[in-house]
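Enquirer: Pasting in a structure now, in structure tokens, and then I'll have a few things to ask.
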Amino acid sequence: MEQSAASPEPPGPRPVLGRDSVQVPDDQDFRSFRSECEAEAGWNLTYSKAGVSVWVQAVEMDRTLHKIKAGRPVVWLNCPLPSTGRCPKPLKNRDVITLRSWLPMGTDYIIMNYSVKHPKYPPRKDLVRAVSIQTGYLIQSTGPKSCVITYLAQVDPKGSLPKWVVNKSSQFLAPKAMKKMYKACVKYPEWKQKHQPHFKPWLHPEQSSLPSLALSELSVQHADSLENIDESSVAESREDRTGSAGGEGSDDDTSLT
Numbered sequence: 021m022e023q024s025a026a027s028p029e030p031p032g033p034r035p036v037l038g039r040d041s042v043q044v045p046d047d048q049d050f051r052s053f054r055s056e057c058e059a060e061a062g063w064n065l066t067y068s069k070a071g072v073s074v075w076v077q078a079v080e081m082d083r084t085l086h087k088i089k090a091g092r093p094v095v096w097l098n099c100p101l102p103s104t105g106r107c108p109k110p111l112k113n114r115d116v117i118t119l120r121s122w123l124p125m126g127t128d129y130i131i132m133n134y135s136v137k138h139p140k141y142p143p144r145k146d147l148v149r150a151v152s153i154q155t156g157y158l159i160q161s162t163g164p165k166s167c168v169i170t171y172l173a174q175v176d177p178k179g180s181l182p183k184w185v186v187n188k189s190s191q192f193l194a195p196k197a198m199k200k201m202y203k204a205c206v207k208y209p210e211w212k213q214k215h216q217p218h219f220k221p222w223l224h225p226e227q228s229s230l231p232s233l234a235l236s237e238l239s240v241q242h243a244d245s246l247e248n249i250d251e252s253s254v255a256e257s258r259e260d261r262t263g264s265a266g267g268e269g270s271d272d273d274t275s276l277t
């Protein structure tokens, strides 16, 4: 599936912003995503502690629509990672429907997704539907049982989120998510040995029992077609403010992405 070595490397990321139809990412999409994960120019380091680093990049001067990148070394992981959509109180929770693809690239492994419309899963009244413009993981092997994971997310959460949410996402929620991921990775080998150890459909597609879905049944989810919820005046709750002091907190499922 890789193109020849003579093919030029793309000058920068090729996001799905202008995509009008649902397509499976090609080699250039994956290479572009890896380049963005490894890029340094234009990124501001906002957090660095205990092996976890977080960078933020504003997009088109919109403080709520931004890219966030987090990375840390972890033990090797061989399964696709779930995304979450819980927001810090008292904001409304988000949900997102994505088309997820993954590809081994030498010793690297890339998982990436973008938002789509699914006929069976329209927006719900009790949740705000967010849009993943392009989100994913770059997993780079550093040894037989170790790797470095970079998480890159460009998500439109919809609504006019208050500044404290943007700050919290880079200073608290992203590091917390990476720490939870690390703990899950450490426990995964023992857990997997007790739960269908040979069942790995992400490596062996023939093992999957999920029904097939034609791409023609899906369409690209654009942010401007969804309701815009104004939460700019929502103040951070005292409970949440206390729990996030110093960038640390409990291991609940609070997350923005």
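Under our numbering, read the sequence shown as residues 21 to 277, first letter to last.
Even for Gly, the Cβ is constructed at its ideal location relative to N, Cα and C.
Could you pull out every residue in the same chain whose Cβ sits closer than 6 Å to the Cβ of F50, ignoring the five residues on either side in sequence?
Expert: L123, I130
Enquirer: Whole-angstrom Cβ separation of Q174 and Q154, contact assumed at under 8 Å?
Expert: Confirmed, about 5 Å.
Enquirer: Can you name the start and end residues of the beta strand (DSSP E) that A173 belongs to?
Expert: 166–176
Enquirer: Where do the ends of the alpha helix (DSSP H) carrying Q191 lie?
Expert: Premise fails: Q191 is in no alpha helix (DSSP H) and is neither H nor E.
Enquirer: Over what stretch of residues does the alpha helix (DSSP H) that includes Q309 continue unbroken?
Expert: Here the chain comprises residues numbered 21 to 277, so residue 309 is not present and cannot be evaluated.
Enquirer: Kindly indicate which residue of W75, S55, V42 has the alpha-carbon position closest to the one of P195.
Expert: W75
Enquirer: If I measure Cβ to Cβ from A26 and keep anything under 6 Å in the same chain, skipping five residues before and after, which residues do I get?
Expert: No answer about A26 holds up, because its pLDDT of 40 lies below 50 and its placement is not dependable.
Enquirer: Where does Y134 sit, in a helix, a strand or coil, going by DSSP?
Expert: DSSP, reduced to helix, strand and coil, places Y134 within a strand of the structure shown.
Enquirer: In the structure shown, what three-state DSSP assignment does Q77 receive?
Expert: strand
Enquirer: With DSSP as the reference, label D146 as helix, strand or coil.
Expert: Three-state DSSP puts D146 in coil, outside helix and strand.
Enquirer: Decide if S141 is buried, meaning its Cβ has at least 16 other Cβ atoms within 10 Å, or exposed.
Expert: The residue you asked about is not Ser; residue 141 is Tyr in the sequence shown. Burial call: exposed.
Enquirer: What would DSSP say about D40, mapped onto helix, strand or coil?
Expert: coil
Enquirer: Could you compute how far the alpha carbon of L223 sits from the alpha carbon of L235?
Expert: 21 Å
Enquirer: Using a Cβ-Cβ cutoff of less than 6 Å, which residues in the same chain neighbour Y286 once the five nearest sequence positions on both sides are dropped?
Expert: As shown, the chain starts at 21 and ends at 277. That puts residue 286 outside it, with no answer to give.
Enquirer: Under three-state DSSP, which class holds W222?
Expert: Coil at W222, not helix or strand.
Enquirer: Under DSSP, the beta strand (DSSP E) around V151 begins and ends at which residues?
Expert: Segment 151–163, the beta strand (DSSP E) holding V151.
Enquirer: Can you tell me which of the three DSSP states K112 falls into?
Expert: In the three-state DSSP reduction, K112 falls in the coil class, being neither helix nor strand.
Enquirer: Can you tell me whether DSSP reads P124 as helix, strand or coil?
Expert: strand
Enquirer: Which class does L238 belong to by DSSP, given the choice of helix, strand or coil?
Expert: coil
Enquirer: Spatial neighbours of V116 within its chain, please: CB distance less than 8 Å, with the 5 preceding and 5 following residues excluded, ordered by chain position.
Expert: S103, G105, S135, R149, A150, V151, S152, V175
Enquirer: Please report the distance separating the alpha-carbon of G62 from that of F53.
Expert: 15 Å
Enquirer: Spatial neighbours of P231 within its chain, please: C-beta separation below 6 Å, excluding the five flanking residues on both sides.
Expert: none
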